[in-house]
Each structure stands twice: as C-alpha cells, then as structure tokens.
Amino acid sequence: MERSFPETMSSLCLTPEQLLLQLKYRYDVEIDHSRRPALRKIMEKDDTAAKTLVLCVCGVVSRGHSPNRPSRNDTKTPQGANAKVEPPFAVVWLTDGWYAIKALLDEALTAMLHKGRLAVGGKLIMCGAQLVGSQEACSPLEAPESLMLKICANSSRLARWDAKLGFHRDPRPFLLPVSCLYSNGGPVGCVDIIILRSYPIQWMERKPDGGVVFRSVRAEEKEARRYSSHQQKAMEILFAKIQTEFEKEQKGNDKPQRRRRTTNRQDIASLQDGEELYDAVGDDPAYLEAQLSEQQSETLQTYRRSLMEKKQSELQDRYRRALEAENSDGSCPKREVTPVWRLCIADSTAQPGSVYQLNLWRPPSDLQSLLKEGCRYKVYNLTTSDGKKRNGVENVQLTGTKKTQFQDLQASQEWLLARFQPRASSNFVNLQNPEFQPLCGEVDLTGYIISVIDGLGSSPAFYLADGELNFVKVRCFSSFAQSGLEDVVKLRVLLALSNLQLRGQSSSPTPVVFAGDLTIFSTNPKEVHLQESLSQLRNLLQQNFFLNAEEKLSHLLKSDGLSSITSPALHPRTPAATNQRQDTKTSLISQQPIRSLGSFTPVSRNQPAVTASTEKDPKSLKRRRALDYLSRIPSPPTLSHLGPGTSLCVKKTFNPPRRSGTPSTLKTVQTPARKTVVSPMEDEWVNDEELAMIDTQTLRVG
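In short: position in the sequence shown from 1, add 1326, done, that's this note's numbering.
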C-alpha cells in the first residue's frame, strides 16, 4: 500500500507494530488453523500452478534483452571468470503476500517490462503457469535458486490494485479477446469464437530436407499411390537381389551326395529317419520312392517341408534385415504425413470484421462432427503463432493442442445475422461490384468450363460461364497434375468450386478469382446450395450454348488484347492466317510447270459490308472466309479452239499396211499428224485380215 500510494499511506503500514501483528496473524493462520497460502501449496506440490492466480511484482532480478537494442551475444563481452551472461528474458519476484518466488517472463512480457507497463508494485492475474527448475517438493523458505514460475503474456493480464492475492475465486482460465493476443505470447487460456468457414482436411508432409508440403485429399491419395508403387518396386528389386544371393550360397554349401546302394528291400525298410531317407533318395527320387512304404514316404515329405520352411525363414530374415538397413540409410524413407483441419473464425466478443485462422492437428472424427459453421464455441488451451497478412495487417493464428477443449454456446438468430453469412453460390455479375464483400473474402461458384489456359503449366487458369454467358477467370496457384485435377478440369464440364479467393477488383473484362490449397473442385458436390445451382444451370442450358459462349469469350479477350488461350474452339481461322496459307499454296503451285496461268477468276473482290449483328453470326463468318479463300485461287489455263467435226484424214480411203521382209520395202503413208505417236511393240501388231475388215466410215467424229 505504501509503494502504490506513497503520498497518503506513507509510514502507516511498514511500522514495527504492524510487522509484529502481521507475523502473529501468519502464525495463527498457518500453524493454528493449518491454512497454507497459494505459493506454499504450489511449492510443496499440493496444488497446481495452472489455476488462476493473482500475484504482486515485488522485485526485478534481471531485465533481459531489450527489443530495441542488440543482445549481449551480438556484442563483445568482457572476458573473465566474473563475467555473467544476461538471460534473454526477464526474471522478476512475485509474491502472494506471504511468500515470494521468482518468475520467468516470456518475450512479450519482457517487452512490457522495458516499456514500463509492468512495474514493481503492480499486480498480475495469470492462468496456466508452470513450475520449472525442480521436480521435488520443497518449503518456500528452502526453495532452490532454479525454482521459478514460467508465465506467458497470453495467459497474464494486469489486475486491479485492490485484487485479492492468491488463488482466484474462479480457478478456470479467464476469457481474453482474440485481438489482444500476441503471436509470441505462448498458450491462450480461453477465447470465445464463432466459426465462419470450415475447410476440408489437408495433409502436411514433412520432407527429409526439412521442407513442408500441404496437399488436399485428392492430391494426397495420388501421392500415396505413387509412393506405394515406388516402394513396392524397390522392395521387389531388393528381394530379388537377396534371393539370388541366397540361392548362390545354397548351391555352394550343398555338397554332392552319394546315393546309397539300397537295392535290397531290407536296407530300404530299415530307414526310418527323414534325413537318412532324404540322403538315400539323392538325385534319383523316382526310383527309390516307389519302394518306400507309406510311413517312410510321409516321413520324407515332412522332412522336405521342414527344409523348405527353414530356407524360407532364413530368406525372410535376411530380407527383413536388408530392408531395415536400407530404410536406415534413407534410400526409401517413410512419409511423415499429418492431417490438419483449418477453420476461419471470428471473435464473438468483438465487432464483426476481423477474421482469424484456427488449425487443428489430427482432429478426431467426433470433433469434426461437433464443429459446424455458424456456431459459437468457447475454446480452452490454444497456442498462437504468426498468421497470414489480410489487407496489409498481420493477424495472429491459433492452433489447437492435445489439451484443447470446445464448449458449445447458444446464440440468438439476431446475433448470428450480424456476424455470419451462410454459404451461397455467388452471382458472376456481383464479383465486379466494388460493394460486394464476401465473408472471409471467399466465394463459391458454379459454371461450365469454356476455355483452359496453360493447362500443363505450373500456374494454369480456366474460364467459367454461367447460364447468362457471364464469365469468370479462375487462376490456380499449382499445376493440375500436382493438385490431382487432370480428370476434373476439362472443357465443357459443369463444375462447382468452393472457397475461391476474391482479391479486390480486376482490370480485365472478366472478374478473376484464385484457387488456393483450400479450394474444392467437384462435379457432384455434397453441399445443398451447390447442388441447387448446378441443377439450375442444367435447366438453363440451351442449344449452341458452348459455341455462343466460346464466340463471346473470344471477342472479350480480343477487345482486351489477350490471345494466349489454348482452347481450339477459341482460335478461329482469321483472314491473316488464311492469307498466309493461301500464299504458301500459290507459291507451291507456281513452281509446277504450267503452260499459262491465265487470268484470275473474277470473284467479287470487294468485301461486303459487315454489320455488328453479322459479325457475331457464325454462318456469316464462315461465308466471308470462303469468299476470301476463293478470291485467292488462280484461274485455270485457257482451252484451245475445237476444229470442224470431220477430219480430212478420215475421208481418205484406207489402205491396209503390208508386212515385208525388209523395213525399206514398207510403204509409209504420210498423214498430217499433230503429235508424235509411239509405235507399238512387235507383239502388239494386228493381223492384216483383221485390219481389212474394219469399217473406217464409222470412225467419223461428230
């Protein structure tokens, strides 16, 4: 009291008479009435330090490192035996009014001590403190130097000056707003939250090099199949190697056995041991097994089975040792995969607007069925860490532990309407509205895939269209192969997407959303609002819907100056491309030997006037490209004028040729032939009698 109020209480409490009265009071309470104070119970291990306590700061042992100045480790320290290294965190004395104990502060409380917010004479209310330094019970007056309380900023707050010291009347953790938590402040006693969005389970794999990879359920199943196949092949190769070595050793150890001469039936009948029978049979089992009795045959088969089992057991033992040695070498390490469930939450005690992320590692099935969107819970025993920045502000991230507990709380409908928005399939037009602010900055969409951009790349994208031919561009952060979406994202597929990120307004003609790790791709969703939206799109599907959508998207992208679409439907044959192909064809034709190219075909060279409605008509586009193509085809060469109907040669009397012994005696008939006629071969000549019977008058032309 004198230190807190020196002006009014000075020299009134710390007097010899008051000290004697306090000592007498403590003796009566502790000895006569057997009532121990809080710190004595904690030090004697009769009570826990995790209960809610109110203690007073009565001294400072060390102030630790200031956050604004470098630590002693970064500067030169004096050498010598008396040089002491200052601990990184502050250590103070705390008292319950009866006894005192040292307390180790964390980084956030150390910063508060340096700023003067935590001073001597102030009171702290804390929960979840830990007693460290000694595992044995001891008296407060005999406590070792290492014994101290470890307290954290997220579980400690400044108490009123008149708060009663010792255990608080309510031992449960006290409620704290999420906005006042520190990312480096340690465990959190209790928070009151409302779940805004529940995301699908993810799988975190820790790589041997220390890296971490998060995968969705679909991607994890694909990776598990790939790893299982790779491991199976490696095990098969290792087993074949061990088996080959084992068989070589068995062949080397087997000595050539001499088959016993058991031609006498009495010698064969005297063999009863399995090993003797096996040695006697040797390399000729068919000859001797016919002479064995039924009991001898059974004994021989039993011994053979025992040998095979022994060899198989030894082979399996070698394979197991080789597999363990290979796993220890790290050639085929095991996968360290842990499931994590992410929730988007808000503080129920604060105004709507701020959202936070809650991670639950290895969530049990009963917890997944308990936590629902739009419900209010009180959560105990959480930890904090640095979260992602939202709108330039870095938010704290909450993580569950093994001691985390959830308590369901009731909430009125009016209270929920002010803080929670149920999921709904967003309209494509609203995405361009600056006043549209979805909850958690995420939307759910349904539509037909019209085009895919860079489908095999590391950052693919695709366009969705709704029933009114409105478009949305979806940009992915990972490849389709890595996310396991090769069989899902296909052209003209009706797709439902959840948890798409809307990051402000886009300058492109179509709104842009981003698909992250928490985005769900589905053609048959379980959510009711997505099923209803898909049903409406199926009912609105009209004839030539995809052709009209592709044509409209092509015009939108042309107006925006984009031409990187990989969809073949959005790459029409433009006149420039047609001209290039026709010029190539013309150059090839010109290289051929043609007598005369002549003039071009007089097709209409003047392009018809194209209106806005005609431009959008596919038939008009096709007709214009055909006319453009015909205008670039050269005309064929001109034909020669045909002569009169009857030839003079035909009117002459035909004289049949005569065969002669010498070529000089042949009579040649001179006819005015216009082209050279190749004479037939000797075997192809016609007899004179057949030529004489030909009626040449019937050969008239006309």
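Cβ atoms here follow ideal geometry from the backbone N, Cα and C, with glycine treated the same way.
No experiment lies behind these values; they were computed from the predicted model shown.
- Going by C-alpha positions, Gly1830 is about 35 Å away from Phe1732.
- Within 10 angstroms of the beta-carbon of Leu1821 lie 16 or more other beta-carbons, which makes it buried.
- Contact annotation: Arg1745 and Ala1672 have beta-carbon atoms nearer than 8 Å.
- Its chain contains Val1666, Arg1668, Thr1725 as the residues whose beta carbon lies nearer than 6 Å to that of Asn1685, once the 5 sequence neighbours on both sides are disregarded; these appear in chain order.
- The criterion of a C-beta distance shorter than 8 Å is satisfied by Phe1493 and Ala1364.
- Counting every other CB atom within 10 Å of its CB across the protein chains shown gives Leu1340 a total below 16, marking it as exposed.
- Distance between Lys1816 and Val1778, taken at the CA atoms: about 8 Å.
- In the pairwise beta carbon analysis, the segment 1623 to 1643 is classified as not touching the segment 1523 to 1530: fewer than three pairs are separated by under 8 Å.
- Remark: C-beta atoms of Ile1568 and Tyr1508 do not approach each other more closely than 8 Å.
- Closest in C-alpha terms to Lys1660, from the list Arg1631, Ile1776, Pro1534, Ser1752, comes Pro1534.
- Bridge partners of Asp1770 according to DSSP: Ser1751.
- Asp1770 is classed as buried because its beta carbon has at least 16 other beta carbons within 10 Å across all chains shown.
- Less than 8 Å divides the Cβ of Thr1772 from the Cβ of Ser1751.
- Between Leu1435 and Lys1476 a beta carbon distance of about 11 Å is seen, past the 8 Å cut, so the two are scored as non-contacting.
- Apart from the 5 residues on each side of it in sequence, Lys1878 sits with its Cβ closer than 6 Å to the Cβ of Leu1795 in its chain, given in chain order.
- Annotation for Asp1792: Phe1754, Gly1773 place their beta carbon closer than 6 Å to its own, counting only its chain and skipping 5 residues before and after.
- Inclusion of Leu1828 and Pro1764 in the CB contact set at 8 Å is warranted, their separation being smaller than that value.
- About 6 Å separates the CB atoms of Ala1841 and Leu1826; that is less than 8 Å, so the two are in contact.
- Beta bridge pairing from DSSP links Arg1702 with Ile1520, Leu1735.
- Taking 8 Å as the cut-off, the Cβ atoms of Leu1450 and Leu1484 count as close.
- Secondary structure at Pro1466: helix, using DSSP grouped into helix, strand and coil.
- The Cβ atoms of Cys1453 and Ser1481 lie closer than 8 Å to each other.
- Here DSSP, grouped into helix, strand and coil, assigns Tyr1425 to coil.
- A distance of 8 Å or more separates the beta carbons of Leu1491 and Ile1368.
- The DSSP-derived three-state label of Leu1484 is strand.
- In this structure, Glu1531 places its C-beta atom within 8 Å of the C-beta atom of Arg1541.
- Counting of Cβ neighbours within 10 angstroms places Phe1788 among the buried residues, the total reaching 16 or more.
- Tyr1682 and Arg1352 have their C-alpha atoms some 48 Å from each other.
- Residues of the same chain with a CB within less than 8 Å of the CB of Leu1502, apart from the 5 flanking positions on each side, are Asn1480, Arg1483, Val1514, Gly1515, Cys1516, Val1517 in chain order.
- Per DSSP, reduced to three states, the secondary structure at Thr1341 is coil, with no helix or strand assignment.
- For Met1327, the closest alpha carbon among the candidates Phe1872, Thr1378, Val1446 is that of Val1446.
- Cβ atoms of Thr1710 and Gln1723 come within 8 Å of each other, at about 7 Å.
- The three-state secondary structure of Thr1730, taken from DSSP, is strand.
- Per DSSP, the beta-bridge partners of Val1539 are Glu1531.
- Within the same chain, and ignoring the five residues on either side of Ser1824 in sequence, the residues whose Cβ sits closer than 6 Å to its Cβ are Asp1770, Ile1846.
- When the alpha-carbon of Ala1455 is set against those of Phe1762, Leu1379, Gln1348, the nearest one is in Leu1379.
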